[in-house]
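Participant:
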Amino acid sequence: MPTPFQLPEDEQSTSIEEKQEDVFSDTEVSSDEPKGMSAIETKLALAQRVIRSVKEQIDTLERLLESRAEAADVEKLLAEAKEFEISFEGKSIDGVFDGENMVGEDGNPYPVPPNYASKSKLVEGDLMRVTISDSGRFIFKQRGPIERRRIIGTLVMGDMSTDYKVLADGHTHRILPAAVSFHKAKPGDEVVILVPKNAPSKWAAVEHIMKKAETSWE
């Protein structure tokens with residue numbers, strides 16, 4: 030049985046099923062990467078994906094420029110390029126979680142449902158993928174968790190009523206309001222948070238809350 034400071038072995042493979050009222054309703058966690066990835070490995074994996082996609086587009090352009098094709102053949106090549114663009118940008122996109130959104134390899138942010146991010150304990154730097162269905166539903170998956178470390182801090186209120194932070198080790202980390210609501214936490218409570226092991230971060234995931242009047246971890 031794991032202690033409060035141990036992450037269950039099957040945590041990354043647990044599916045989260047929750048009802049959302051917005052378009053980002055279908056989310057799930059994938060365990061393609063059994064071990065945590067370092068910040069460098071995360072960046073390299075995303076960079077390699079982007080490089081491959083750019084090469085495919087360049088190859089299509091080169092075939093178009095070098096060919097002595099008739100107009101019909103040119104239209105076919107252009108259709109192939111358009112089909113690739115739709116497949117790449119509209120169906121499945123990889124990216125990195127930044128604490129609130131998945132920043133896609135196309136440079137666009139894709140808002141991750143806060144409840145899903147909180148319950149899944151997504152950490153800034155995690156590799157993700159969003160699949161957009163034909164009906165317009167966004168399905169998020171965690172593709173590779175970044176290496177994590179746990180630190181204990183105190184929950185404090187920011188400048189706004191929905192701005193929560195955890196003060197730990199002389200630094201402040203922002204946390205999602207959904208995590209505060211889920212744990213029914215209040216300023217002054219002690220919090221165990223997850224942050225990247227070898228990279229700085231502005232955001233943290235809440236793992237446990239210990240209320241001021243309690244002695245046991247939630």
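Residue 104 in my numbering sits at position 75 of the sequence shown, and the numbers go up by one each step.
Heads up, the beta-carbon is just placed ideally off N, CA and C, and yes, glycines get one too.
The model shown is predicted, which means the values in this text are computed figures rather than measured ones.
Quick one: is Trp232 buried, meaning 16 or more other Cβ sit within 10 Å of its Cβ, or exposed?
Facilitator: Your numbering for residue 232 matches position 203 in the sequence shown. When all chains shown are included, Trp232 counts as buried.
Participant: First and last residue of the beta strand (DSSP E) that includes Pro225?
Facilitator: Along the sequence shown, one-based indexing puts residue 225 at 196. 219 to 225 is the span of the beta strand (DSSP E), which, as asked, contains Pro225.
Participant: Do you know how far the Cα of Glu91 is from the Cα of Pro206?
Facilitator: The residue labelled residue 206 in the question sits at position 177 within the sequence shown. The residue labelled residue 91 in the question sits at position 62 within the sequence shown. When rounded, the distance between both Cα atoms is 49 Å.
Participant: Thinking C-alpha only, which one of Asn130, Asp135, Met131, Gly124 is nearest Val83?
Facilitator: Counting from one through the sequence shown, the residue named residue 83 turns up at place 54. Comparing Cα positions, the closest option is Asp135.
Participant: Taking the alpha-carbon positions, what's the Val141 to Lys241 distance?
Facilitator: What you label residue 141 is simply residue 112 of the sequence shown in a count that begins at 1. What you label residue 241 is simply residue 212 of the sequence shown in a count that begins at 1. Computed Cα separation, rounded: 31 Å.
Participant: Look at the alpha carbon of Ile161 and the alpha carbon of Met131, and state the distance between them as a whole number of angstroms.
Facilitator: Here residue 161 is taken as the residue at index 132 of the sequence shown, counted from 1. Here residue 131 is taken as the residue at index 102 of the sequence shown, counted from 1. Spanning the two alpha carbons is a distance of roughly 13 Å.
Participant: Out of Arg158, Pro143, Asn144, which one is the CA nearest neighbour of Val125?
Facilitator: Walking along the sequence shown from the start, residue 125 turns up at place 96. For Val125, the nearest C-alpha among the options comes from Arg158.
Participant: Does Leu196 pass the burial test, meaning 16 or more other C-beta atoms within 10 Å, or should it be called exposed?
Facilitator: As a first step, residue 196 is located in the sequence shown; it is residue number 167 there, counting from the start. Under this definition Leu196 is an exposed residue.
Participant: Looking at the strands, I want to know which residues DSSP matches up with Arg158.
Facilitator: In the sequence shown, counting from the first residue as 1, residue 158 sits at position 129. According to DSSP, which records beta bridges pairwise, Arg158 is partnered with Asp123, Lys170.
Participant: Output the boundary residues of the alpha helix (DSSP H) element that contains Pro143.
Facilitator: The residue you call residue 143 lines up with position 114 of the sequence shown. Run containing Pro143: 143 to 149, per the alpha helix (DSSP H) assignment.
Participant: With a 10 Å radius around its C-beta and 16 neighbouring C-beta atoms as the bar for buried, classify Ser190 as buried or exposed.
Facilitator: Translated into the one-based positions of the sequence shown, residue 190 becomes position 161. The residue is exposed, with fewer than 16 neighbouring Cβ atoms inside 10 Å.
Participant: State the start and end residues of the unbroken alpha helix (DSSP H) segment that holds Ala207.
Facilitator: Counted from its first residue, the sequence shown places residue 207 at position 178. Element bounds for Ala207: 206 to 212.
Participant: By the DSSP assignment, the beta strand (DSSP E) with Asn137 in it spans what residues?
Facilitator: Stepping through the sequence shown from its first residue, residue 137 is reached at position 108. Here Asn137 belongs to no beta strand (DSSP E), and DSSP marks it neither H nor E.
Participant: Ordered along the chain, which non-local residues of its own chain (more than five positions away) have a Cβ less than 7 Å from that of Asp198?
Facilitator: Taking the sequence shown and counting its residues from 1, one reaches residue 198 at position 169. Hits under 7 Å: Ile180.
Participant: Applying the 10 Å Cβ sphere with the 16-neighbour rule, what's the burial state of Pro216?
Facilitator: The residue you call residue 216 lines up with position 187 of the sequence shown. Exposed, by the Cβ-count rule.
Participant: I'd like to check one pair, Arg178 with Val235: are the Cβ atoms closer than 9 Å?
Facilitator: Within the sequence shown, the letter at position 206 stands for residue 235. Within the sequence shown, the letter at position 149 stands for residue 178. It is not a contact, given that the beta carbons lie outside the stated cut-off.
Participant: Where does Glu176 fall in DSSP's three states?
Facilitator: Within the sequence shown, residue 176 is the residue found at index 147, counting from 1. Coil, per DSSP.
Participant: Return the CA-CA distance between Ala214 and Asp192, expressed in angstroms with no decimal places.
Facilitator: As a first step, residue 214 is located in the sequence shown; it is residue number 185 there, counting from the start. As a first step, residue 192 is located in the sequence shown; it is residue number 163 there, counting from the start. Computed Cα separation, rounded: 13 Å.
Participant: Would you grab the beta carbon distance between Thr183 and Val220 for me? Rounded to a whole angstrom, and I think it's under 8 Å.
Facilitator: Residue 183 sits at position 154 when you count from the first residue of the sequence shown. Residue 220 sits at position 191 when you count from the first residue of the sequence shown. Rounded, the Cβ-Cβ distance is 7 Å, consistent with contact.
Participant: Under DSSP, the beta strand (DSSP E) around Lys194 begins and ends at which residues?
Facilitator: Here the question's residue 194 lines up with position 165 in the sequence shown. Where Lys194 is concerned, the enclosing beta strand (DSSP E) stretches over 193 to 197.
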